[in-house]
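Enquirer: In our numbering, the protein residues as written are 7 to 447.
Just passing along the structure, written as structure tokens.
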Amino acid sequence: MPAETTSQQRRGLDREIFALALPAFATLLSEPVLIMVDTAVVGHLGTQSLAGLGAAASVVGVVVSLCIFLAYGTTATVARRLGAGDLRGALAGGLDGMTLALLIGVAAAAVVGLGAGPLVDLYSDDPVVVEQGRRYLGIVALGLPSVLVVLAATGVLRGLQDTRTPLYVAIGTNVVNMVLSVVLVYGAGMGIAGAATGTVLAQSAGAVFLARTVLRGARREGVHWRWNPGGVLAAVRTGVWLVLRTAAMQGTILTTTAVAAGLGAVTLASHQVVNSLWVFLAFALDAIAIAAQAIVGRYLGAGEAGVVRSLMRRMVGWGVVAGVVFGVVVWAASPLYVPLFSPDPAVQSLVRQVLVVVAVVTPLSGVVFVLDGVLIGAGDARYLALASVATTVVYVPLAALVGWSGAGLAWLWAAYCVWMLARAVALVARARGTRWMRLGV
């Protein structure tokens, strides 16, 4: 493919991008629904039950976010081998990732389940809240192996250029969870334990279906799920760098929340609203990044460096477009939806001020998310980890300065913009070069 693509070729690239990105977007939006359903159901049991759920959900959220490498790393491995024409190797690599997910899931379930009480204690000193949180977390911990297997199996299917099957499973899981939670909480009178049990059963059903889908495809190619220490170790090596990348990014999120908390109740409440909107925007932008992981990995495996460059330009362009559109809509429509989050005029006013900053940074974030996905798909995890650590080191003092000076939430999010700009500089500098473009397997 020539460097300057024709209009027809651009349309072909766009079809390929959106065939993966749109189902991925819908899947990403469905992910918070499990917790939202439990929140709605448990909320009617009382404030302390809801607080206990919130504490437990935070613990699970940290574990799952640190294990997102199971999806990302597996996607890159499978896509690269698929592009190289080695479908059996792609499936074998995917099964190694699923094995690692199961091992980590069992270990995480044991640690979180046994440590449920002390972990919830970190969030509250109210004995009733702790008891409710411990009960919920102790049960939900049993679902961690299923959650992590779903991540890895989703990575396998994305690597095989299939983002529709994970979407269907996510929808089914949410429907099952909704029905079971209502039946077990109210019908069976199990209280918060019923919500947790419904979630675990729904997650387990999703894991079984996805794993079965991958295994059936593997068997058709003569590949069987077996213990492969070398393959699992390779997944670990990639995963370590991706965990470091995620941990550094989590550090910026925790720092931002901590600084906002120190600026007062109105600031913290406003930050929670803005952050909720930002998470939604991140899901929208991340859909293109997920497509980038799968497509870039496949074409690098096939040795098509020129196609990768063309695709990267198109995806970065679409990332900017998505950032502009979503940023403008979130800001322009704020008078309509911000009052739904809080009746407090002070909170509403501050949220609208900060959304101006968010609207400005969203197009830049589109570039960052896409290039992050490109480099993950290329297997450039080490660079991403080191860049994430370096940019977090830049951000933390800026955020601390905002907290020390009492400058306010808008300046805190402006500091967040500086962090995003630092990430953009690091990723653009890498993407312009060729060191990340390892061709073949």
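The C-beta atom is built at its ideal place from N, Cα and C for all residues, glycine as well.
1) Just mark Gly439 as buried or exposed, buried being the case when its beta carbon has 16 or more other beta carbons within 10 Å.
2) What is the C-beta distance between Leu59 and Gly103, in whole angstroms, given that I count them as a contact (C-beta under 8 Å)?
3) Out of Pro351, Val399, Asp378, Gln299, point me to the one whose CA is closest to Ala30's CA.
4) By DSSP, does Thr83 sit in helix, in strand, or in coil?
5) Just the Cα atoms here: how many angstroms apart are Val334 and Leu97?
6) Alpha carbon to alpha carbon, how far is Gly414 from Leu216? Give it in angstroms, no decimals.
7) With contact counted as at least three CB pairs below 8 Å, one residue from each stretch, are the segment 219-239 and the segment 48-64 in contact?
8) Please report the residue range of the alpha helix (DSSP H) in which Asn180 lies.
9) Between the beta-carbon of Gln354 and the beta-carbon of Val364, is there less than 8 Å?
10) For Trp442, which three-state DSSP category applies?
11) Taking 8 Å as the limit between beta carbons, can you name the residues of its chain near Met7, skipping five residues before and five after?
12) Taking the C-alpha atoms as reference points, what is the distance between Ala391 and Arg251?
13) Beta-carbon separation of Gly178 and Leu150 under 8 Å?
14) Taking buried to mean at least 16 other C-beta atoms within 10 Å of its own C-beta, is Val336 buried or exposed?
15) Is it right to say Arg429 is buried, meaning 16 or more other beta carbons lie within 10 angstroms of its own, or is it exposed?
16) For the alpha helix (DSSP H) holding Arg222, just list the boundary residues, first then last.
17) Give every residue of the same chain whose Cβ lies closer than 6 Å to the Cβ of Arg470, excluding the five residues on either side of it in the sequence, and list them in chain order.
Expert: On the basis of the supplied data:
1) As a working note, residue 439 is residue 433 in the sequence shown. With fewer than 16 other Cβ atoms inside 10 Å of its own Cβ, Gly439 counts as exposed.
2) Position 53 of the sequence shown, counted from the first residue, corresponds to residue 59. Position 97 of the sequence shown, counted from the first residue, corresponds to residue 103. Incorrect: roughly 31 Å between the Cβ atoms, too far for contact.
3) What you label residue 30 is simply residue 24 of the sequence shown in a count that begins at 1. Residue Gln299 is the option with its Cα nearest to Ala30.
4) Within the sequence shown, numbered from 1, the residue matching residue 83 stands at position 77. DSSP places Thr83 in helix when its eight states are reduced to three.
5) For the purposes of this step, residue 334 is identified with residue 328 of the sequence shown, where counting begins at 1. For the purposes of this step, residue 97 is identified with residue 91 of the sequence shown, where counting begins at 1. A direct Cα-to-Cα measurement between Val334 and Leu97 gives close to 42 Å.
6) Against the sequence shown, residue 216 aligns to sequence position 210. Against the sequence shown, residue 414 aligns to sequence position 408. So the two alpha carbons sit approximately 46 Å from each other.
7) Taking 8 Å as the limit for Cβ pairs, the verdict is that the segment 48-64 does not touch the segment 219-239.
8) If you number the sequence shown from 1, residue 180 lands on position 174. 170-188 is the span of the alpha helix (DSSP H), which, as asked, contains Asn180.
9) For this step, residue 354 is matched to residue 348 along the sequence shown. For this step, residue 364 is matched to residue 358 along the sequence shown. The answer is no: Cβ separation not under 8 Å.
10) Counting from 1 along the sequence shown, the entry for residue 442 is found at position 436. For Trp442, the secondary structure class from DSSP, reduced to helix, strand or coil, is coil.
11) For the purposes of this step, residue 7 is taken as residue 1 along the sequence shown, with counting starting at 1. The predicted model places Met7 with a pLDDT of 46, which falls under 50 and marks its position as unreliable; any figure quoted below should be read in that light. Cβ within range, chain order: Gln15, Glu310, Gly312, Val313, Ser316.
12) As a working note, residue 391 is residue 385 in the sequence shown. As a working note, residue 251 is residue 245 in the sequence shown. Those two C-alpha atoms are separated by around 4 Å.
13) In the sequence shown, counting from the first residue as 1, residue 178 sits at position 172. In the sequence shown, counting from the first residue as 1, residue 150 sits at position 144. Not in contact: Gly178 and Leu150 (Cβ atoms no closer than 8 Å).
14) Within the sequence shown, the letter at position 330 stands for residue 336. Buried, since its Cβ has 16 or more Cβ neighbours within 10 Å.
15) Your numbering for residue 429 matches position 423 in the sequence shown. By the neighbour-count rule (16 or more Cβ atoms within 10 Å), Arg429 is buried.
16) Position 216 of the sequence shown holds residue 222. That run of the alpha helix (DSSP H) goes 198-226.
17) Because residue 470 is not part of the residues shown, which for the chain are 7 to 447, the question remains open.
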